[in-house]
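Visitor:
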Amino acid sequence: MASPVAPVGGARNGASPEWGGFEENIQGGGSAVIDMENMDDTSGSSFEDMGELHQRLREEEVDADAAAAEEEDGEFLGMKGFKGQLSRQVADQMWQAGKRQASKAFSLYANIDILRPYFDVEPAQVRSRLLESMIPVKMVNFPQKIAGELYGPLMLVFTLVAILLHGMKTSDTIIREGTLMGTAIGTCFGYWLGVSSFIYFLAYLCNAQITMLQMLALLGYGLFGHCIVLFITYNIHLHALFYLFWLLVGGLSTLRMVAVLVSRTVGPTQRLLLCGTLATLHMLFLLYLHFAYHKVVEGILDTLEGPNIPPIQRVPRDIPIAGLPIAVLNATAKAVALTLQPH
Amino acid sequence: MAEADELTVGETATKSGFLGLSDVSISEDIPVEGEITVPMASHSQDEDYSTLDEPVRETIIRDLKAVGKKFVHVMYPKKSNALLRDWDLWGPLVLCVSLALMLQGGSADSKEDGGPQFAEVFVIIWFGAVVITLNSKLLGGTISFFQSLCVLGYCVLPLTVAMLVCRLVLLASMGPINFLIRLIVVIAMFAWSTLASTAFLADSQPPNRKALAVYPIFLFYFVISWMILTFTPH
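Quick mapping for you: the protein sequence lines, in order, are chains A and B. FYI, the UniProt record's numbering numbers position 142 of the first sequence as 142, with every residue one higher than the one before it. FYI, the UniProt record's numbering numbers position 87 of the second sequence as 87, with every residue one higher than the one before it.
#1: So, is THR211(A) buried or exposed, given that buried needs 16 or more other C-beta atoms within 10 angstroms?
#2: Inspect the beta-carbon positions of VAL223(B) and LEU165(A) and report whether they are closer than 8 Å.
#3: Please check the pair GLN144(A) and SER263(A), which I expect to be a contact at CB under 8 Å, by giving their CB distance rounded to whole angstroms.
#4: If we cut at 8 Å on Cβ distances, does GLU149(A) have a partner in chain B?
#5: If you scan the segment 141-215 of chain A from start to end, which runs of the beta strand (DSSP E) of 3 or more residues do you find wholly inside it?
#6: Would you say the segment 186-201 of chain B touches the segment 168-177 of chain B, given that touching needs at least three Cβ pairs under 8 Å?
#7: Answer with yes or no whether the minimum CB distance from THR183(A) to chain B is below 8 Å.
#8: Quick one: is GLU47(B) near chain A, going by C-beta distance under 8 Å?
#9: Under 7 Å Cβ to Cβ from VAL161(A), same chain only, skipping five residues before and after it: list those, please.
#10: Would a C-beta distance cut-off of 8 Å place VAL157(A) and TRP192(A) closer than the cut-off?
#11: Report buried or exposed for LYS138(A), applying the criterion of at least 16 other Cβ atoms within 10 angstroms of its Cβ.
#12: How many Å lie between GLY225(A) and ALA119(B) at the Cα?
#13: Hey, does LEU238(A) have any beta-carbon neighbour from chain E nearer than 8 Å?
#14: Under DSSP, the alpha helix (DSSP H) around ALA172(B) begins and ends at which residues?
#15: The alpha helix (DSSP H) that contains HIS73(B), what's its start and end?
#16: So ALA217(A) and GLU122(A) are supposed to be a Cβ contact under 8 Å. How far apart are they, rounded?
#17: Just checking, does the segment 233-244 of chain A make contact with the segment 266-273 of chain A on the three C-beta pairs under 8 Å criterion?
#18: Residues in the same chain with beta-carbon distance under 7 Å from VAL169(B), minus the five sequence neighbours each way, listed in chain order, please.
#19: With burial defined as no fewer than 16 other Cβ atoms inside 10 Å of the residue's Cβ, what is the status of MET163(B): buried or exposed?
#20: Alpha carbon to alpha carbon, what distance is there between LEU149(B) and VAL130(B)?
#21: Is the Cβ-Cβ distance between VAL266(A) and ASN207(A) less than 8 Å?
#22: In angstroms, rounded to a whole number, what distance separates the CA positions of GLY140(B) and PRO117(A)?
#23: Using alpha carbons as the reference points, say which of PHE122(B), TRP226(B), CYS166(B) lies closest to MET168(A).
#24: Among the candidates ILE60(B), TRP87(B), ILE61(B), whose CA atom is the shortest distance from the CA of HIS73(B)?
#25: Would you kindly work out how many angstroms separate the C-alpha atoms of PRO7(A) and GLN209(A), rounded to a whole number?
#26: What in chain B is Cβ-close to ILE112(A), meaning under 8 Å?
#27: Against GLN117(B), what residues of chain A qualify as contacts under a CB-to-CB distance less than 8 Å, listed in chain order?
#28: Mind checking which residues open and close the alpha helix (DSSP H) that includes ILE228(B)?
#29: Could you work out which residue in VAL185(B), VAL156(B), LEU152(B) is closest to LEU134(B) when comparing CA atoms only?
#30: What in chain B is Cβ-close to ARG116(A), meaning under 9 Å?
#31: Look up ARG264(A) in the DSSP assignment and say whether it is helix, strand or coil.
#32: Measuring straight from C-alpha to C-alpha, what distance separates LEU89(B) and GLN85(A)?
#33: Thinking just about the alpha-carbon of each residue, which of LEU99(B), LEU212(B), VAL121(B), VAL94(B) is nearest to the one in GLY68(B)?
#34: For a test of the three-state rule: what should DSSP assign to residue 290(B), helix, strand or coil?
#35: What do you reckon, are the CB atoms on THR277(A) and ILE199(A) nearer than 8 Å?
#36: For chain B, check one thing: does any of its Cβ atoms lie closer than 8 Å to the Cβ of LEU165(A)?
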């Protein structure tokens, strides 16, 4: 009974005491309060602890797989003689469930750790990248650099979501079976992720040198132009102004992406296919976002589908439609009669 | 004999471990709600006060006091990490629900569904807070998940006050002066919220990246305050 506990007790002198502490507290009748303190979230560097804990959990799982289930029971409880069969089973179940949940939560934390390098930027870098996203560089024969970073794109997408919400609210857009929030998030993230993966797929076909991460960063920073245009034109309702901005700002950010893609692709056909697709999608998306949630368009739709007009329009339209089948029937009847007559 | 040895080894290990821990996380000048029993001090059983057998009323009152104290901290943000030290989500829940209820207005049973719905406000607040927290963690912040949620939730308080003021102002007749008053109140409270949460959260970020962590916070409160400003009961 003592043997399985011994290494645990020793390990407590080491760096990370979590699960060892748990077992020991059961046996030694120590305080559960302090154990909670031990797992407390308030310590500054809880993140590193979590990562370490996750590592330990993994190792433990591997060990557990190797050992037989019966042995594991004994190892965990370490008090066969004390408790009955039932309590042992219950404790075992709870242990398993807890372990599963804990490892799930910690794997989430581990995933955050994986993402961390992509958020390793300085404010100055983000600022210069935002500016660069509006400046197309005409350098075709040497592959241009794309920073693989996700902070800027992600924040731009969230900004776009906020601007879109604003546009939807001011245009009194009503969405059935869904919220404005969900629609805005779905549209923006859908465009960003969907078009990135689509262009990545095309780039794979066209043999362009670009990774998925670079594609995400490129398209994400390309949304900066969209943010500016939409923010201005949702507040100032002037069509001429919108078209000007659409061509100028939207065009600049699109040109920048096209220039980068051209420099990373070989062959005119491939270049045309890839850049044409991207430019079309990007410019049309801006057009869509502007006109889908715009006050004026909403007004036109109202006049077309308003309650008064349709009955008036429907009356004259119904007559030719109703008259046509009869005429056709008459004609066919005559034809049949004509063909039948000689016989 | 061997077992006794084990026990002593275990105990000393525990004590040394917790000694180190208590040095790290509990300092004397910070008030801690509730009682924490520390086993190394358990030899003095008489002054050891446990919260297990106290009346429920006292527990609730103590918790309410803790929440109220944090409200004061938000309304008067000074350099203090009381809000970070012992986080709770009661305050954020209350603030979020009351804000959402006030924004709901009379639009629930009216024909137009244009106004912000309860669920929408609720989701914006919690989803936004989670995104900000994840962002600050990814930028290398040394703050834990729930601490950040707690601070962001408590800092909605000025905006809830702004909403209350707006509803009161909206009882009066509509007009440009009415809108102007609401605009000023909302802008002031928006600045207050952003500054308060920045004061609490910025220290946990690496100094050169504060701007990156503050931007999503700014966006978050901006969206909420914009919703408050554009709210009109039907």
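We put the beta carbon where it would ideally sit given N, CA and C, even for glycine. Bear in mind that the values here come from a model prediction, so they are computed numbers and not experimental data.
Guide: With the given structure in hand:
#1: exposed
#2: yes
#3: 5 Å
#4: no
#5: none
#6: no
#7: no
#8: In this predicted model, GLU47(B) has a pLDDT of only 49, less than 50, meaning its place in the structure is not dependable; the value taken from the coordinates is given anyway. Closer than 8 Å: no.
#9: Cβ contact annotation for VAL161(A) (same chain, cutoff 7 Å, sequence separation greater than five): ALA184, ILE185, CYS188, in chain order.
#10: yes
#11: Residue environment for LYS138(A): exposed (fewer than 16 other C-beta atoms within 10 angstroms of its C-beta).
#12: 31 Å
#13: Of the protein chains in the structure, A and B, none is chain E.
#14: Taken as a continuous stretch (DSSP letters only), ALA172(B) belongs to no alpha helix (DSSP H), as it is neither H nor E.
#15: Start and end: 56-75.
#16: No, ALA217(A) and GLU122(A) are not in contact; Cβ-Cβ is about 16 Å, not under 8 Å.
#17: no
#18: ASN178, ILE181, ARG182
#19: Counting of Cβ neighbours within 10 angstroms places MET163(B) among the buried residues, the total reaching 16 or more.
#20: 7 Å
#21: Between VAL266(A) and ASN207(A), the C-beta gap is smaller than 8 Å, which places the two residues in contact.
#22: 10 Å
#23: Ranking the options by Cα distance to MET168(A), first place goes to TRP226(B).
#24: Of the candidates ILE60(B), TRP87(B), ILE61(B), TRP87(B) places its Cα closest to the Cα of HIS73(B).
#25: At PRO7(A) the pLDDT is 42, less than 50, meaning the model places this residue with poor confidence; the figure from the coordinates comes in the next sentence. For PRO7(A) and GLN209(A), the distance between alpha carbons rounds to 53 Å.
#26: Within chain B, the residues near ILE112(A) are LEU134, LYS137, LEU138.
#27: THR179
#28: 210-229
#29: LEU152(B)
#30: LYS137, LEU138, LEU139, GLY140
#31: In the structure shown, ARG264(A) sits in coil (DSSP, three-state: anything other than H, G, I, E or B).
#32: 40 Å
#33: Ranking LEU99(B), LEU212(B), VAL121(B), VAL94(B) by Cα distance to GLY68(B) puts VAL94(B) first.
#34: This structure cannot speak to residue 290(B), because chain B is shown only from 1 to 234.
#35: Taking 8 Å as the Cβ cut-off, THR277(A) and ILE199(A) qualify as a contacting pair.
#36: yes
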